[in-house]
């Protein structure tokens, strides 16, 4: 089925349910009673449709309440807007993305309603939000079988991620995961020679800019580093984005997620990021997002044309290489080290290969570059942390020794810095699932709001968004200093809270769908970070180089938590990023 068809079929079903059924019912009633409406026909049909919809909603609510009582649970507390269908809340939610601090709009709702799980009930459709650690644990692990990615996500993401691992459920997902898992064994995710090649190239570029006194857009630089390393790991070919044009301070516009560059890599990056931003726009528009695109071609198509221009030749080359090797009677020597050829040896479906590549590329590029970007930000904001980190690196690796796996394993403070960065800015700040075709009871919560600790009834086939960024900054779990960047919390007695409850920290998800590439990401980030602090010892933000509109607005200072003192604009589109990129000045270490 073409990606457009997923939501167009659903639109047709909704049209039948909302319009055709009540109109047909009224038509039959009028014919049966032989009533004639004359000029009142149109108002009668409109009025009957509204009454029909209201009656259906009231009946559905009554059925939910009855089912909840039968199961010994309470309905999830609902947000009560001022306009019908919570349309005012709907507009605020859409506007919040462009004006508010990441997660602050949802956090205010949780605080207003004194609960950690809420039903937004947008446009008369249930939409659940949670920042409750127990409920998130149930979604990801203990109640895993009750949830799936669901139909709604496939509608939004099919054109971009297709049949890849992040957009499938049940047996399809298991097949993809079984296929990919062996390739992320320890010997492959500790290929430090791979990391060294691209770390050295990246840091040499950064050094050249540093010597010229130029600020560096590190988010873009890290995206290039991770993409070039991932391309060799995945494709067996370096796409060499580090040779492309770099963002220029004061002369670079914002892209969907960072900096916009007008070259071949820039077009791919912009398409890759715009496709993600489009998905998040659909999420914010809620159940009726297809109405915004009903009379136009799927906007993903133009982005996918650019992305496929990159991927298709690589896939075709891998399949041809496999055919040539089989014809010659030889086993492909690359299949043990290149993910693309490994895929070709396990499937000959080019669409499956492309989708799987794109899914893995999304994870391998965006998550690690996000982590490195925010680590650099915190090093600039906390010079004392930067000094202590450098002392540890020099103790284990000196000023120029390449780190080994054991070196990285023994650098406890560096891991604490990484963990604390992932806690405050998880690469996936928000995620979602959908309940399956049966009602669910969410377990009792340890909420700080005593009146909301009952078991909660969740209707079938209902989306639920959960917020790792809010769970990981929740003072009830992390203490009154939860918004403070403090790596020491991973080294002192506060660590016992996490060891007793690992689900309060899930930057790579948890349960059966835990990220299979997390060790690759952590090893890559750790290796680069060692080389980074060996090369540079001073890090300073360069706000004057940020594009217009990318710095935190003054009104954030009137808020609460980190938004009152944040020096960058964090945002999220599938993965976390910094709006307008992160411009930093670096100083070369003298010893």
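In this note's numbering, the protein residues as written are 34 to 624. Glycine included, every Cβ here is placed at the ideal spot set by N, Cα and C. Since the structure is predicted, the reported quantities are computational estimates derived from the model, not experimental observations.
#1: Give the straight-line distance between the Cα atoms of residue 334 and residue 305, rounded to the nearest whole angstrom.
#2: Write down every uninterrupted run of the alpha helix (DSSP H) in the region 152-221 whose length is 4 residues or greater and which is fully enclosed by it, in chain order.
#3: On the CB-based measure, 16 or more other CB atoms within 10 Å of its CB, does residue 132 come out buried or exposed?
#4: Using 8 Å as the threshold, is the region 193-206 in touch with the region 392-411, meaning 3 or more CB pairs across them?
#5: Within 10 Å of its beta-carbon, does residue 511 have 16 or more other beta-carbons around it, so buried, or fewer, so exposed?
#6: Reducing DSSP to helix, strand and coil, say where residue 98 ends up.
#7: So for residue 488, helix, strand or coil by DSSP?
#8: So residue 312 packs on residue 607, CB below 8 Å; how close in whole Å?
#9: If you count every other CB in all the chains shown that lies within 10 Å of the CB of residue 580, and 16 or more means buried, which is it?
#10: Check this for me: beta carbons of residue 154 and residue 111, under 7 Å apart or not?
#11: Would you report the Cα separation of residue 161 and residue 230, rounded to the nearest angstrom?
#12: Is the region 403-411 touching the region 455-473 in the sense that three or more CB pairs, one from each, lie closer than 8 Å?
#13: How would you write the range of the beta strand (DSSP E) that residue 608 sits in, first residue to last?
#14: Buried or exposed: residue 45, going by 16 or more other Cβ atoms within 10 Å of its Cβ?
#15: Short of 6 Å in beta carbon distance, which residues of its chain neighbour residue 82, apart from the five on each side in sequence? Order them along the chain.
#16: How long is the line joining the alpha carbons of residue 563 and residue 373, rounded to whole angstroms?
#17: If you draw a straight line from the C-alpha of residue 489 to the C-alpha of residue 77, how long is it?
#18: Shorter than 6 Å, the distance from the beta carbon of residue 72 to the closest heavy atom of the ligand SAM, or not?
#19: Where are the beta strand (DSSP E) runs, 3 residues long or more, that stay fully inside the region 113-137, in chain order?
#20: For residue 467 and residue 444, which I take to be in contact (beta-carbon distance under 8 Å), what is that distance rounded to the nearest angstrom?
#21: Assuming contact is defined by CB atoms lying nearer than 7 Å, are residue 611 and residue 406 in contact in what I supplied?
#22: Quick one: what's got a C-beta closer than 7 Å to residue 52's C-beta in the same chain, skipping five residues either side?
#23: Cβ atoms of residue 347 and residue 266: under 7 Å apart, would you say?
#24: Judging by CA-CA distance, which residue of 599, 330, 101, 167 is the nearest neighbour of residue 41?
#25: Under DSSP, the beta strand (DSSP E) around residue 620 begins and ends at which residues?
#26: Quick check on the DSSP output: the alpha helix (DSSP H) that includes residue 321 runs from which residue to which?
#27: Report the rounded CA-to-CA distance for residue 182 versus residue 465, giving the unit in angstroms.
#28: To which residues does DSSP link residue 107 through a beta bridge?
#29: Which residue wins for smallest C-alpha separation from residue 549, given the options 156, 170, 206?
#30: Just to check my reading of the structure: residue 571 and residue 619 have Cβ atoms closer than 8 Å, yes? What is that Cβ distance to the nearest angstrom?
#31: Compare the C-alpha of residue 516 against each of 593, 150, 175 and name the closest.
Quick answer:
#1: Their backbone Cα atoms lie some 12 Å apart in a straight line.
#2: Listed in chain order, the complete alpha helix (DSSP H) runs (minimum 4 residues) inside the region 152-221 are 166-170, 183-194, 203-213.
#3: Looking at its Cβ environment, which holds fewer than 16 other Cβ atoms inside 10 Å, residue 132 is exposed.
#4: The answer is yes - the region 392-411 touches the region 193-206, with three or more Cβ pairs under 8 Å.
#5: The C-beta of residue 511 has 16 or more other C-beta atoms within 10 Å across all chains shown, which makes the residue buried.
#6: In the three-state scheme derived from DSSP, where H, G and I count as helix and E and B as strand, residue 98 is classed as helix.
#7: Here residue 488 sits in coil by DSSP.
#8: About 6 Å separates the beta carbons of residue 312 and residue 607, which is inside the 8 Å limit, making them a contact pair.
#9: Residue 580 should be labelled buried.
#10: Against a cut-off of 7 Å, the Cβ pair of residue 111 and residue 154 comes out as a contact.
#11: The alpha-carbon atoms of residue 161 and residue 230 are separated by roughly 45 Å.
#12: Output reads yes: the region 403-411 touches the region 455-473.
#13: From DSSP, the beta strand (DSSP E) with residue 608 extends over 608-611.
#14: When all chains shown are included, residue 45 counts as exposed.
#15: Leaving aside the five residues that flank residue 82 on each side, the residues in its chain whose CB is nearer than 6 Å to its CB run, in chain order, 55.
#16: Residue 563 and residue 373 have their alpha carbons spaced roughly 29 Å apart.
#17: Cα to Cα, the separation comes out at about 40 Å.
#18: For the ligand SAM, the structure offers nothing, since it holds no ligand at all.
#19: Listed in chain order, there is nothing to give.
#20: The Cβ separation is near 40 Å, so there is no contact.
#21: Cβ distance < 7 Å, so residue 611 and residue 406 count as in contact.
#22: Result list for residue 52: 82, in chain order.
#23: Residue 266 is not a Cβ neighbour of residue 347, given a cutoff of 7 Å.
#24: In this structure, 330 is the residue among 599, 330, 101, 167 with its C-alpha nearest to the C-alpha of residue 41.
#25: Per DSSP, residue 620 is one residue of the beta strand (DSSP E) stretching across 616-621.
#26: Premise fails: residue 321 is in no alpha helix (DSSP H) and is neither H nor E.
#27: Between residue 182 and residue 465, the C-alpha separation is close to 7 Å.
#28: According to DSSP, residue 107 bridges with 489.
#29: Checked all of 156, 170, 206; the closest Cα to residue 549 is 206.
#30: With 8 Å as the limit, residue 571 and residue 619 qualify as a contact, their Cβ atoms being about 7 Å apart.
#31: With distances taken between Cα atoms, residue 516 lies closest to 593.
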